[in-house]
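Trainee:
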Amino acid sequence: MAMKLTVIGCSPAWPNPGGAHSGYLVEGPGRLLLDCGPGVLPRLRESESWPSIDAIVITHFHLDHWGDLVPWVWGTMYGLGSEGPQPELWLPPHGADHLSKLGSRLGFPDMFERTFRLRQYEEGTPFEVAGLTVTALQLPHYTLETYGLRVANASRTLAYSGDAAPSERLVELARDADLFLCEATLERGELDGEPRGHLSADEATAAFVQSGARRLLLTHRPAELPLDESLECAYDGMQLDV
Ligand SMILES: [Zn+2]
């Protein structure tokens, strides 16, 4: 069974020129969106009037990974989004409570649960969405609770780092995957904060080599830090078979 990945947006925490923030569409058999940062919703709307998505999974609550859930709410309450079925929205543990608190400041406490069918995943417990099996593994990312995702169908496996510092758990996340979609935010690891939160391209490559994954696609990369031509880097609109 095929699995297709479309990079909707791949900017780091600040946008690349003309770019959208984190959003990766996985298709095969259903349609699953990994993260939904600012700029992802208008990109999805370029090819369909309102996105027909079975489920969205959020890795963590930094704005560049979830921010377009807010206009998704408004478009569902007052726009074309009211016509289709509600997507499932899979959140980190306690994420529903977090969204309720955000909602009370952004509009309504229940604005997200009126728009999405809210679910919370658990560390290491596989769940089924859009005909795909997803497993979330907690990864170090500064002091924020953050997960990487393994997404599998009957024949293919995608590993997505979300945002992550170097760790053995990152290697486990990518173990033997067909494609490792891995952030490479930093020019050099020593430029990171403490505790660590992101990866350099060298650190992402080291995790890839240790993992036995078959293909590495770097992402979340500032445009001002171009990569060596031997490395494959995501770009908005990129499509590939996992
Ligand atoms: Zn982050």
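Residues 299 to 540 (the numbering used here) are what the sequence shown spells out, left to right.
Positions of the beta carbon are idealized from the N, C-alpha and C atoms, including for glycine.
Computed from a predicted structure; not experimentally measured.
Could you tell me which uninterrupted beta strand (DSSP E) segments, each at least 3 residues in length, are contained entirely in the region 415-439, listed from first to last along the chain?
Mentor: With a minimum length of 3 residues, the continuous beta strand (DSSP E) runs that stay inside the region 415-439 are 415-418, 425-427 and 430-437.
Trainee: So does Asp461 have its beta carbon nearer than 6 Å to some heavy atom of ligand 1?
Mentor: Result yes, Cβ under 6 Å from ligand 1.
Trainee: Give a yes or no on whether the C-beta atoms belonging to Ala502 and Cys480 are separated by under 7 Å.
Mentor: Going by C-beta atoms, Ala502 is nearer than 7 Å to Cys480.
Trainee: From the DSSP output, which residues share a beta bridge with Glu325?
Mentor: Paired residue(s): Lys302 and Arg329.
Trainee: Taking the straight line between their C-alpha atoms, what separation do you get for Leu404 and Leu529?
Mentor: The alpha-carbon atoms of Leu404 and Leu529 are separated by roughly 40 Å.
Trainee: Could you check whether the Cβ of His360 sits closer than 6 Å to any heavy atom belonging to ligand 1?
Mentor: At least one heavy atom of ligand 1 is nearer than 6 Å to the Cβ of His360, so yes.
Trainee: I'd like the list of long-range same chain contacts for Trp507, defined as Cβ closer than 8 Å, with 5 residues on each side in sequence excluded.
Mentor: For the sequence presented, residue 507 should be read as Val rather than Trp. Correct list: empty, nothing qualifies.
Trainee: Apart from the five residues just before and just after Ser509, which ones in its own chain have a Cβ nearer than 6 Å to its Cβ?
Mentor: Taken in chain order, the residues that qualify are Val469, Ala472 and Arg473.
Trainee: Beta-carbon separation of Thr517 and Ala504 under 7 Å?
Mentor: No.
Trainee: Jot down the residue ranges of each uninterrupted beta strand (DSSP E) in the region 328-402, minimum 3 residues, whole runs only, in chain order.
Mentor: DSSP runs (the beta strand (DSSP E)) wholly in the region 328-402: 329-332, 353-355 and 386-389.
Trainee: To the nearest angstrom, report how far apart Phe425 and His396 are at their CA atoms.
Mentor: Those two C-alpha atoms are separated by around 21 Å.
Trainee: I need the DSSP call for Ala475, collapsed to helix, strand or coil.
Mentor: In the structure shown, Ala475 sits in coil (DSSP, three-state: anything other than H, G, I, E or B).
Trainee: For Arg454, collect the residues of the same chain with a Cβ closer than 6 Å to its Cβ; drop the 5 residues on either side in sequence, then sort them by chain order.
Mentor: Counting only Cβ-Cβ distances below 6 Å, and skipping sequence neighbours, we find Met301, Asp476 and Val540.
Trainee: Cα separation between Asp461 and Asp408?
Mentor: C-alpha separation (whole angstroms): 28 Å.
Trainee: Using 8 Å as the Cβ pair cut-off and three pairs as the minimum, do the region 426-437 and the region 445-453 touch?
Mentor: Flag = yes, the region 426-437 and the region 445-453 touch.
Trainee: Going straight from the alpha carbon of Ser459 to that of Trp364, what length do you get?
Mentor: C-alpha separation (whole angstroms): 15 Å.
Trainee: Identify which residue in Pro464, Glu522 and Ala452 has its Cα closest to the Cα of Glu488.
Mentor: Minimum Cα distance to Glu488 is reached at Pro464.
Trainee: According to DSSP, is Gly487 helix, strand or coil?
Mentor: Looking at Gly487 - three-state DSSP - the assignment turns out to be helix.
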